[in-house]
């Protein structure tokens, strides 16, 4: 499955490279457009010394980690979001008769290296923040694991969101609140949000495990919700639960799929 | 008359995607809550920053979430796709002006989106945070500002769409246009918190006419002659952009070659 994804992604990359000028503009554009959120955070820090009780380095750490996770997941499976459009256009039916998993085809569909441009600012911020924090070598290992785990969790959310579109063709408009909304929410310290909202993203859509809970441990911060220490390490559990739900939803959707008509 | 019909049919066409509009409104509302939390933190630390109170800032947040649809802050216009596929040849063949046709179409779209996607974020903001709801006269002033904002937004997006005549893959240009539109309109952070020269420049660019000015009118920051100046600023950019669009339309006419037949 992974090999098929890479083969398809490479094919799409070669297609995109036919317009090298545009490709470069798109990569830069993606880098600049993600930096905007970063500029916003910088502007916030020109007005106040801390954000949700966290220093600039700590906020940068959270921002970098969440955005790398999100970008990796978006590159890998973000285009599953277009399922509704493919169903409507009938092109999903064509995917079903090819000898490669429909999910892999959908995930690699229209792959473009453009999205990788978004890694530039987030990686830069993470690398900037690390020496400004007092992190041990084991913390660094945990950071890498956190970023990868976050990517898997977001990946599960993408597929879950896509599966909704089997039932609701226009579901994409509403599920953006969880995919893009999740990316937007996790780039800020969760101590900014009301406790009810944080509880919701801890126990229902587990966005708190993308970066917030693990970072509390890495940064040695107390949890504003007062959850016990072992919760900091539940990230992989959250990722597995989301992925299992995603696989279940995808299979159910696919089993009941009946094309769009004549 | 033709254009009024185009506008009305565009309204009706957009109105047939009710569920999609509801989904968008839901997403706009969720983002409203995320942005509100950040703005509240900022204004609690710095009350009266940029002449806004906390309530002003939260109102700004939900109001601008409601405006995302009508002024189409993320950019895009069906015309770009029609230029790419060549369908624009049919549009050019019509006994109607290309720019006015699409302006009418866009006004119809904006009117429907204003109704369908404006309500939910505002109600949510009012219930959760008690955002400001002004008196009827200010609503009227606000609606005029929104109309002008849509005109400026159309002017900008029309230029981007026409660029496809010259650039075969316009996604790069569209991406850049979106960046400017999000950042310099006040959508990411209100322009009043932009520091120093950045703030001054941002207030003068056309994008501030999309979000910042309608929001300031709604909040009552622009009244009397100041309101007239705000309208004047929006109208001036609308005229400049529409005239540019007109010039570009002429150039596109001369450039277009229709193959086959």
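Residue numbers (this note's numbering), protein chains in the order written: chain A, 1 to 262; chain B, 263 to 523. From the three backbone atoms N, C-alpha and C, an ideal C-beta is built for every residue, glycine too.
Does the beta-carbon distance from residue i to residue j come in below 9 Å?
{"i": "residue 163 of chain A", "j": "residue 61 of chain A", "result": "no"}
{"i": "residue 475 of chain B", "j": "residue 492 of chain B", "result": "yes"}
{"i": "residue 283 of chain B", "j": "residue 342 of chain B", "result": "no"}
{"i": "residue 43 of chain A", "j": "residue 59 of chain A", "result": "no"}
{"i": "residue 227 of chain A", "j": "residue 209 of chain A", "result": "no"}
{"i": "residue 165 of chain A", "j": "residue 253 of chain A", "result": "yes"}
{"i": "residue 73 of chain A", "j": "residue 201 of chain A", "result": "no"}
{"i": "residue 79 of chain A", "j": "residue 102 of chain A", "result": "no"}
{"i": "residue 243 of chain A", "j": "residue 181 of chain A", "result": "no"}
{"i": "residue 381 of chain B", "j": "residue 328 of chain B", "result": "yes"}
{"i": "residue 67 of chain A", "j": "residue 141 of chain A", "result": "no"}
{"i": "residue 207 of chain A", "j": "residue 186 of chain A", "result": "yes"}
{"i": "residue 345 of chain B", "j": "residue 427 of chain B", "result": "yes"}
{"i": "residue 249 of chain A", "j": "residue 118 of chain A", "result": "no"}
{"i": "residue 448 of chain B", "j": "residue 459 of chain B", "result": "no"}
{"i": "residue 265 of chain B", "j": "residue 365 of chain B", "result": "yes"}
{"i": "residue 404 of chain B", "j": "residue 369 of chain B", "result": "no"}
Could you compute how far the alpha carbon of residue i sits from the alpha carbon of residue j?
{"i": "residue 173 of chain A", "j": "residue 289 of chain B", "result": "7 Å"}
{"i": "residue 256 of chain A", "j": "residue 71 of chain A", "result": "31 Å"}
{"i": "residue 262 of chain A", "j": "residue 332 of chain B", "result": "Annotation note: pLDDT 46 at residue 262 of chain A (below 50); position unreliable, coordinate value reported separately. Straight-line Cα distance between these residues: approximately 35 Å."}
{"i": "residue 291 of chain B", "j": "residue 386 of chain B", "result": "7 Å"}
{"i": "residue 183 of chain A", "j": "residue 281 of chain B", "result": "24 Å"}
{"i": "residue 232 of chain A", "j": "residue 191 of chain A", "result": "15 Å"}
{"i": "residue 113 of chain A", "j": "residue 179 of chain A", "result": "20 Å"}
{"i": "residue 347 of chain B", "j": "residue 446 of chain B", "result": "31 Å"}
{"i": "residue 229 of chain A", "j": "residue 497 of chain B", "result": "58 Å"}
{"i": "residue 295 of chain B", "j": "residue 383 of chain B", "result": "9 Å"}
{"i": "residue 316 of chain B", "j": "residue 303 of chain B", "result": "9 Å"}
{"i": "residue 375 of chain B", "j": "residue 3 of chain A", "result": "43 Å"}
{"i": "residue 335 of chain B", "j": "residue 414 of chain B", "result": "11 Å"}
{"i": "residue 246 of chain A", "j": "residue 158 of chain A", "result": "8 Å"}
{"i": "residue 133 of chain A", "j": "residue 98 of chain A", "result": "50 Å"}
{"i": "residue 88 of chain A", "j": "residue 258 of chain A", "result": "12 Å"}
{"i": "residue 318 of chain B", "j": "residue 406 of chain B", "result": "20 Å"}
Counting C-beta neighbours from all protein chains within 10 Å, is the total for residue i 16 or more, i.e. buried, or is it exposed?
{"i": "residue 523 of chain B", "result": "Caution is warranted here: a pLDDT of 48 is assigned to residue 523 of chain B, below 50, making its placement in the model unreliable, and the coordinate value is therefore given only provisionally. Looking at its Cβ environment, which holds fewer than 16 other Cβ atoms inside 10 Å, residue 523 of chain B is exposed."}
{"i": "residue 398 of chain B", "result": "exposed"}
{"i": "residue 81 of chain A", "result": "buried"}
{"i": "residue 37 of chain A", "result": "buried"}
{"i": "residue 410 of chain B", "result": "buried"}
{"i": "residue 286 of chain B", "result": "buried"}
{"i": "residue 269 of chain B", "result": "buried"}
{"i": "residue 176 of chain A", "result": "buried"}
Per the DSSP calculation, residue i is bridged to which residue(s)?
{"i": "residue 62 of chain A", "result": "Partner(s): none; residue 62 of chain A has no beta bridge."}
{"i": "residue 409 of chain B", "result": "For residue 409 of chain B, which the question treats as bridged, DSSP gives no partner whatsoever."}
{"i": "residue 54 of chain A", "result": "A/51"}
Hey, is residue i close to the ligand GTP, as in C-beta under 8 Å from one of its heavy atoms?
{"i": "residue 11 of chain A", "result": "As far as ligands go, the structure on display features none, and thus does not contain the ligand GTP."}
Taking only beta carbons into account, state which residues of the segment 321 to 340 of chain B come closer than 7 Å to chain A, listed in chain order. None of the residues of the segment 321 to 340 of chain B has a beta carbon lying less than 7 Å from any beta carbon of chain A.
Please identify, using Cβ separations under 7 Å, the residues of the segment 345 to 363 of chain B that lie next to chain A, in order along the chain. Look at the segment 345 to 363 of chain B: it has no residue with a C-beta under 7 Å from a C-beta of chain A.
Residues in the segment 40 to 59 of chain A with C-beta within 8 Å of chain B's C-beta atoms, listed in sequence order? Here the close residues are 40, 43, 44, 46, 47, 48, 51 and 52.
Give the residues from the segment 296 to 309 of chain B that approach chain A closer than 7 Å (Cβ to any Cβ), ordered along the chain. Against chain A - using a Cβ distance shorter than 7 Å - the residues of the segment 296 to 309 of chain B are 296, 299, 300, 303, 304, 307 and 308.
Beta carbons nearer than 7 Å to chain A: which residues of the segment 433 to 461 of chain B have them? Listed by position along the chain: 433, 434, 437, 438, 440, 441, 444, 445, 450, 451, 455, 456 and 457.
Which residues of the segment 147 to 178 of chain A have a Cβ closer than 9 Å to any Cβ of chain B? Give them in chain order. Within the segment 147 to 178 of chain A, the residues whose Cβ lies closer than 9 Å to some Cβ of chain B are 168, 169, 170, 171, 172, 173, 174, 175, 176, 177 and 178, listed in chain order.
Relative to chain A, which residues along the segment 283 to 296 of chain B have a C-beta separation below 9 Å, given in chain order? Flagged, chain order: 283, 284, 285, 286, 287, 288, 289, 290, 291, 292, 293, 295 and 296.
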